[in-house]
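What follows is one structure encoded as C-alpha cells, with my remarks underneath.
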Amino acid sequence: MEEFILIMRHEDGKKIASPEQMQIWMKQTMDWIGGIAAQNKFSSGTGLPFEDAKVVRPNNVVTNGPFGEIKETIGGYMIVKADSVEEAVEFAKGCPVLQGEGNSVEVRKIAKSDGVH
Amino acid sequence: MAEQQLIPHLFRTEYSKLVAVLCKYFGIEHIGIAEDIASETFLSALETWTYKGIPENPVAWLYTVAKNKTKNQISRKHLFTEKIIPKIKYESSDIDRTEIDLSEKNITDSQLQMLFALCHPSISAEAQIGLSLRILCGFGIDEIANAFLSNKETINKRLFRAKETLRLNKVQIEFPSQTEINKRLETVLTTLYLLFNEGYYSESRTTILREDLCLEAMRLTYLLIDNESTNQPNVNALLALMCFHSSRFATRKNENGEIILYNDQDETLWDKELISKGIYFLKQSSQGNTISKYHLEASIAYWHTIKNDTKEKWENILQLYNHLLQIQYSPIAALNRTFAISKTYGKHEAILEAEKLQLTNNQYYFSLLGELYKDIDDKKAITNFEKAYLLAITQSEKQIIKKKIENLKN
Amino acid sequence: MKEFVLIFRTNANPGFKPSEEQIQQMMTSWMAWMAGIETKGQMANRGTRLGISNAKVVMPGNVVTNGPFTEVKEFINGFIVVKTNSIDEAVKIAKECPMVKGGGGSVEVRTAVSSEDNS
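The listed protein sequences correspond, in order, to chains W, Z and S.
With the numbering used here applied, the first sequence covers 1 to 117.
With the numbering used here applied, the second sequence covers 1001 to 1410.
With the numbering used here applied, the third sequence covers 2001 to 2119.
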C-alpha cells in the first residue's frame, strides 16, 4: 500500500460562489472525503485558506501569497492510501473541485523515507 | 524427632531462598511481607507435617504453600486498597497504626486511583483494559477473552505479565500528575467504553443485556466527571453516549429475550430522563475546542433518540460519520455511514458506496447490502442475506436474518 | 498555536544529478534545518518529499494527464507542517530553509485548517 497526495487547485471559490453554493460545496467535499475514509483509505488532509498566505524566496524576499496564478492556487490537499497511482486517480476524479472548469487535482506519490521514489 | 530436626535444617536452607523469590515478587521495599509469608509457610509445615507426615518432596510443598499464601495476600491487598485505604504500609506492625478512612470520598478516590494505576503506560493497552476489567469490574477470564475475541490462555498470560510489570515498576495507587492525567485518560476512557459495550452487546452470557455492567461503566465515568482534574470534554461526551444508548434498555428485548431492532422499538418506552441527562452532558462536552470520536458518536446517538426519519436527522448523521471515519476508521462506522447515505441520497447511491467497501468477512456488510437491494433487486437481496446468514454467529442474529429471507421469498 | 504548511518548490531540472559532495551538503543542511525545527518543538508533521515518477493531473471531464502540474514553472518538491503562534514565525522558519538559502526555489507558507479544529 502506497501513499499519494491529492493537491487541489482552484480559483478562490469564495469570490464567486454564494454562501448557499459554498454550503453545498462543503457538504460534497465532506461526502467525498467520507467515502474514501469509509474504504479505510484516508490518511490525512487539510484545507488551506487563501488568506494569510506568504511566499518566501531567496535573499529573504517575502511576498504575499498564495503562490502562482489564481488558477494554480492550492486550496487544500489530502493524503490517501492506494496500491497504484491509477487507484489514487480514481479517488481524485470524485473531488467536487473538478466541477469548476479551470480547476484540477494533482496526484503525486509520496516518497518513502528510504529515499526510493 | 525426625520432623523437628527436618524443619530447622530446611529452615536454614530454604528460608533465604524463599525470601529472595518473594522479594522479587513483591518488590524490594516490601521485604517485610516476603519474610512474613516465609515464616507462615514454615509454621504451616510444622502444623501439617506433624499430623500427616513429611511429604515426598518437602521443598515443592513449601513453595506451593508459599505461592498460595502470596496469592491470598495479593487479593486481600487489592480489596483493602480498592475499598478502604489509598496508601498502605506493608509492614504488618504498621497496619494497626494506620488510620482507616472509610469515608465515601476516600472510597471514591481510591477507586479512581486504582483505575489510573491499572491503566499504566508500562503495560500494553490491551493488558490495561484486561486488567481493569478483571480487577475493577470482576470480569471472568471467559468474558475478557470474549471481548477481545481471544482465548483463555492468551488472556491469562497477558494479565499475569501485566501484573508483573506493575510490580516491577512499583506502581503506586495514587492520582497521576496533571500532565500525566491527560495521556492516561485516553486509555481509561477506552476501558470504560469497552466495559459499557460488553454490557450493552454482551454475547458471552445467557442474557443479552447486562444492565449492571453498563451502570458500572457509567458510574465510573461519572466519577471522572465529578473530579475537577478529570472533568474533561471527551469524558462528558462519553457519558452522553452511554446515556443515550442506555435510554433504550427497556425496549431492546422482548419477553422471550430476543433482540428488537431499532425500527420496531416502542419509543414511548425510551427513558426520557436518561435522554435529557445525555443532552446535558453533550452540552457540557462542547466546551473547549477539540472534538474527539466520543463527541461524534454521542452526537450520532443523540440523533437516534429522535425516532422520526427526517432529512435533517440523516444529513446530520451522515456528516458526523464522514468526520468520525477520518478520526478513526472502523468497519461498523463505514457500514452505518452507508446506511445514512441511503437515507439521504437514496438506495442506488448507497449501493454504489457499499460495493466500494468490500467487507466480505463481515456479516453486517451482507445484511446491509440485503436491505439496500430489497425492492430493487429482490434476488440479489436474498443472495446477500444468505451470505450474512452463513457468517452470523449467534442464534438471535441468525433468526432475524432468516425471517428477512422468508419475507422476501413470499 | 496554529499549524502552517510549508510547500517547497524548485525549478531545478528534474533530471539534474548532483555529485556526491553536493548530495552530502544538501542532506546536511536539510537535516540541520529540520532538526532545528524539531528541537524547538515546532514540528507538527515531518511531511515528505514528493516523487516525480508516477505523477498525474486530473482535470474536469475525467481528463487525466501525466504530472506534475506542468503549467507551473516551479513544481512542488515536498512539504512539512510546522506549528507556531503566528504566520510570521512560520515565515521565519521558512527563511532558513535550504530551498531558499542558496537554493533556487521557493517556500510557500499556508495556514492549515483541519477537521479537528473547533475554534
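Ideal Cβ positions, reconstructed from N, Cα and C, are used throughout, including at glycine.
If you're wondering where the values come from, they're calculated on a predicted model, not measured in any experiment.
Paired residues, beta bridge with residue i - DSSP
i, result
"Lys948 of chain Z", "The structure shown does not extend to residue 948 of chain Z, since chain Z spans only 1001 to 1410, so no value can be given for it."
"Phe42 of chain W", "W:Val80"
"Val2082 of chain S", "S:Phe2004, S:Met2043"
"Arg57 of chain W", "W:Val61"
"Ser104 of chain W", "W:Arg9"
"Ala4 of chain W", "Checking the sequence, you will find Phe at residue 4 of chain W rather than Ala. Bridge partners of Phe4 of chain W: W:Val80, W:Lys109."
"Leu2050 of chain S", "W:Ile110"
"Ile74 of chain W", "W:Arg9"
Cβ-based burial, residue i [other Cβ within 10 Å; buried from 16]
i, result
"Met84 of chain W", "Looking at the sequence provided, one finds Ser at residue 84 of chain W rather than Met. Exposed is the call here."
"His1323 of chain Z", "buried"
"Val1059 of chain Z", "exposed"
"Phe1244 of chain Z", "buried"
"Arg2110 of chain S", "buried"
"Ala1125 of chain Z", "exposed"
"Tyr1168 of chain Z", "The question names Tyr, yet the displayed sequence has Leu at residue 1168 of chain Z. Exposed, by the Cβ-count rule."
"Met1 of chain W", "exposed"
"Thr2028 of chain S", "exposed"
"Ala1162 of chain Z", "buried"
"Gly31 of chain W", "What sits at residue 31 of chain W in the sequence shown is Asp, not Gly. Label assigned to Asp31 of chain W: buried."
"Leu1189 of chain Z", "buried"
"His1348 of chain Z", "exposed"
"Tyr1262 of chain Z", "exposed"
"Ala2032 of chain S", "exposed"
"Met22 of chain W", "exposed"
"Val2058 of chain S", "buried"
Contact under 7 angstroms by Cβ, residue i with residue j
i, j, result
"Leu1241 of chain Z", "Tyr1200 of chain Z", "no"
"Lys1067 of chain Z", "Glu1040 of chain Z", "no"
"Leu1320 of chain Z", "Ile1300 of chain Z", "yes"
"Gln2042 of chain S", "Val2082 of chain S", "yes"
"Lys2056 of chain S", "Val89 of chain W", "yes"
"Gln1284 of chain Z", "Asn1236 of chain Z", "yes"
"Ala1298 of chain Z", "Leu1318 of chain Z", "no"
"Asn2077 of chain S", "Phe2004 of chain S", "no"
"Ile1400 of chain Z", "Phe1385 of chain Z", "no"
"Arg1184 of chain Z", "Phe1116 of chain Z", "yes"
"Ile5 of chain W", "Ile74 of chain W", "no"
"Phe91 of chain W", "Glu2108 of chain S", "no"
"Ser2106 of chain S", "Val105 of chain W", "no"
"Val1971 of chain S", "Pro58 of chain W", "With chain S covering 2001 to 2119 only, the question about residue 1971 of chain S has no answer from this structure."
"Glu1315 of chain Z", "Thr1338 of chain Z", "no"
"Gln1265 of chain Z", "Phe1175 of chain Z", "no"
"Trp1303 of chain Z", "Lys1313 of chain Z", "yes"
"Val2006 of chain S", "Ile2080 of chain S", "In the sequence as displayed, the identity of residue 2006 of chain S is Leu instead of Val. In contact: Leu2006 of chain S and Ile2080 of chain S (Cβ atoms closer than 7 angstroms)."
"Pro1331 of chain Z", "Leu1372 of chain Z", "no"
Residue i - DSSP class collapsed to helix/strand/coil
i, result
"Gly2036 of chain S", "helix"
"Glu1153 of chain Z", "helix"
"Asn1322 of chain Z", "helix"
"Ile1405 of chain Z", "helix"
"Arg2009 of chain S", "strand"
"Glu69 of chain W", "coil"
"Arg2110 of chain S", "strand"
"Asn1227 of chain Z", "coil"
"Phe2075 of chain S", "strand"
"Gly34 of chain W", "helix"
"Gly2105 of chain S", "coil"
"Gly1130 of chain Z", "helix"
"Gly47 of chain W", "strand"
"Pro1055 of chain Z", "coil"
"Lys1307 of chain Z", "coil"
Terminal residues of the alpha helix (DSSP H) in which residue i lies
i, result
"Ile1376 of chain Z", "Ile1376 of chain Z -> no alpha helix (DSSP H), and no H or E assigned at all."
"Gly1199 of chain Z", "1178-1201"
"Glu2096 of chain S", "From DSSP, Glu2096 of chain S is part of no alpha helix (DSSP H); its letter is neither H nor E."
"Thr2065 of chain S", "Careful: Thr2065 of chain S lies outside any alpha helix (DSSP H), inside the beta strand (DSSP E) at 2063-2066."
"Gln1284 of chain Z", "1272-1285"
"Tyr1345 of chain Z", "1331-1345"
"Leu1238 of chain Z", "1233-1246"
"Val97 of chain W", "That residue, Val97 of chain W, is in no alpha helix (DSSP H); it is neither H nor E in DSSP."
"Ala1392 of chain Z", "Ala1392 of chain Z -> no alpha helix (DSSP H), and no H or E assigned at all."
"Ala88 of chain W", "85-93"
Boundaries of the beta strand (DSSP E) in which residue i is found, first to last residue
i, result
"Met2059 of chain S", "2056-2059"
"Val2100 of chain S", "First-last for Val2100 of chain S: undefined, no H or E at that position."
Residue i: CB within 6 angstroms of a non-hydrogen atom of the ligand HEM
i, result
"Ile2080 of chain S", "This structure lacks the ligand HEM; in fact it carries no ligand of any kind."
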